[in-house]
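Under the working numbering, the first residue of the sequence shown carries the number 121, and numbering increases by one thereafter.
Glycine included, C-beta positions come from ideal geometry on N, C-alpha and C.
Below: the structure, in structure tokens.
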Amino acid sequence: MQNQQSDLDKLVAIRSGLEGHQAQILKLNLEGQGVPAFLANEHVGSMNFVSNTDLFVKAKDWRAAEQALSKIELMPSRGPNLDADGDEHSCPHCGSHRVHAFFGEVPSAIPLIRYKADPEDKWFHCLECGSYHQAIRKRFAGLPIALAWSAFMGTLVLAVIFLINWLKYL
Numbered sequence: 121m122q123n124q125q126s127d128l129d130k131l132v133a134i135r136s137g138l139e140g141h142q143a144q145i146l147k148l149n150l151e152g153q154g155v156p157a158f159l160a161n162e163h164v165g166s167m168n169f170v171s172n173t174d175l176f177v178k179a180k181d182w183r184a185a186e187q188a189l190s191k192i193e194l195m196p197s198r199g200p201n202l203d204a205d206g207d208e209h210s211c212p213h214c215g216s217h218r219v220h221a222f223f224g225e226v227p228s229a230i231p232l233i234r235y236k237a238d239p240e241d242k243w244f245h246c247l248e249c250g251s252y253h254q255a256i257r258k259r260f261a262g263l264p265i266a267l268a269w270s271a272f273m274g275t276l277v278l279a280v281i282f283l284i285n286w287l288k289y290l
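Pasting the structure below:
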């Protein structure tokens, strides 16, 4: 009798691979219908796509939980990770497809200077090599052209000054 009771108290995974908020919604729905539910990897799953959350119920409540969850369809929280051509995004540094959308502060090569990455700027973070990259550039990058133009103009001014000084001594 004791062994049979312990089998009924075992936890059974009813849904796996959920995101944290989806798992919470399903858990609250089950508990609202009187089925005790438990989450695994709940806090680890909320940390930057490290892991997914699993929803567990007791073995004796499995049928009731399946019946309750059969009416619920979850919407995907993120769209597919595809670029404009329909190909899956990949990291330009290592070629990995394990990239995810990123927003927040992006570190730069200069210490203490960080870029602000908004969701509409389409920044991505690679989970393999840890690099950040921007999928598309919304605006023209004017800094390299400004630096090249200033170097050209500076060289031109120095050449004119050299020419004037050379003509002075003739």
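- Taking a cut-off of 8 Å on C-beta distances, the segment 179 to 191 touches the segment 130 to 150, as three or more cross pairs fall below it.
- Taking all protein chains in view, the Cβ of residue 244 is crowded by 16 or more other Cβ atoms within 10 Å, so the residue is classified as buried.
- Comparing alpha-carbon positions, the option among 264, 173, 235 lying closest to residue 134 turns out to be 173.
- By the C-beta density criterion, residue 249 is exposed, having fewer than 16 other C-beta atoms within 10 angstroms.
- Under DSSP, no beta-bridge partner is assigned to residue 193.
- Per DSSP, the continuous alpha helix (DSSP H) segment holding residue 150 begins and ends at 140 to 152.
- Straight through space, the alpha carbons of residue 130 and residue 254 are spaced by roughly 46 Å.
- CA-to-CA, the gap between residue 235 and residue 139 works out to about 28 Å.
- Short of 6 Å from the beta carbon of residue 212, and not among the five residues preceding or following it, lie these beta carbons of its own chain, in chain order: 253.
- For residue 251, same chain residues with a beta-carbon under 7 Å away, outside a window of 5 residues either side, are 211, 213 in chain order.
- For residue 282, the enclosing alpha helix (DSSP H) begins and ends at 262 to 288.
- Sequence-distant Cβ neighbours of residue 218 in its own chain, meaning closer than 6 Å and more than five residues away, are 247, 248.
- Our two residues, residue 267 and residue 285, have alpha carbons roughly 27 Å apart in a direct line.
- Rounded to whole angstroms, residue 233 and residue 226 show a C-alpha spacing of 9 Å.
- Rounded to whole angstroms, the gap between the alpha carbons of residue 159 and residue 231 is 40 Å.
- Under the 10 Å beta carbon count, residue 272 is surrounded by fewer than 16 other beta carbons and is classified as exposed.
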